[in-house]
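One rule links them: number in the numbering used here = place in the sequence shown (from 1) + 183.
Even for Gly, the Cβ is constructed at its ideal location relative to N, Cα and C.
Everything on this sheet refers to the single structure shown next.
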Amino acid sequence: MVRNAFSIGVVSDIVNFICGLPCVLIIYFLFKRINKYLLQLALIFVIIQTAIIAVNLLNQISPLLILGNNTYLKSFQPNQLATLSQLSLNIQEVGYAIGLVFFGFYCLLVGYVIFKSKMVPKLLGILYIISGIGYLINSFTMLLSKGFANPIFSYVAIPIFIGELSFACGY
């Protein structure tokens with residue numbers, strides 16, 4: 184059951200990447216008249232983010248391989264395998280935070296361009312900028328002091344959610 188949940192999580196992330204990139208391109212084409220260069224930079228940030236998180240999926244899947252039934256794993260003690268699995272998940276968590284730094288900058292740039300446009304309400308741009316700031320605060324907190332990451336996340340999660348939701352519903 185856990186194996187299926189992990190596999191579904193990985194496949195869900197891959198589907199998210201596949202569906203997300205065309206959405207990013209649509210945003211580029213809709214708003215490129217406002218500031219083509221900032222949006223090109225935003226595209227670079229989101230492509231880097233996607234690449235980091237996609238490669239990082241290997242760390243999410245590795246516990247399944249480490250805890251599998253392959254004969255070569257019998258040379259390890261069960262506690263060693265558990266430790267290696269936990270290490271992989273910890274690395275995955277940090278890798279995800281690194282990827283979200285780039286997504287945070289993407290949100291800042293796109294939010295600014297939306298704010299400057301006359302096509303949609305400025306509030307959408309402001310909320311997306313706030314969302315980007317939330318991603319950056321959360322990611323840098325995770326990278327600099329993991330102990331503060333959970334308490335900080337409880338404060339930035341709501342602005343991130345509101346910014347993302349308003350952006351999704353605004354279109």
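Please report the residue range of the alpha helix (DSSP H) in which residue i lies.
i	result
Q275	P261 to K299
N321	K305 to L327
Inspect the beta-carbon positions of residue i and residue j and report whether they are closer than 7 Å.
i	j	result
L221	L292	yes
S349	L307	yes
Q263	N239	no
S314	G282	no
Excluding five sequence neighbours on each side, which residues of the same chain lie with their C-beta closer than 8 Å to the C-beta of residue i?
i	result
F200	T233, I236 and A237
L247	R186, F189 and S190
I197	A237 and L240
Does at least one heavy atom of the ligand ZN sit under 6 Å from the Cβ of residue i?
i	result
V193	No copy of the ligand ZN occurs in the structure displayed, which carries no ligand at all.
Within a Cβ cutoff of 7 Å, which residues of the same chain sit near residue i, ignoring the five residues on either side of it in sequence?
i	result
L267	I249
For residue i, which residues from the same chain have a beta carbon less than 6 Å from its beta carbon, with the 5 sequence-adjacent residues on both sides left out?
i	result
G317	V339, P342 and I343
Item to check | Cβ contact (3+ pairs, closer than 8 Å) linking the segment 223 to 231 and the segment 287 to 303 | outcome: yes
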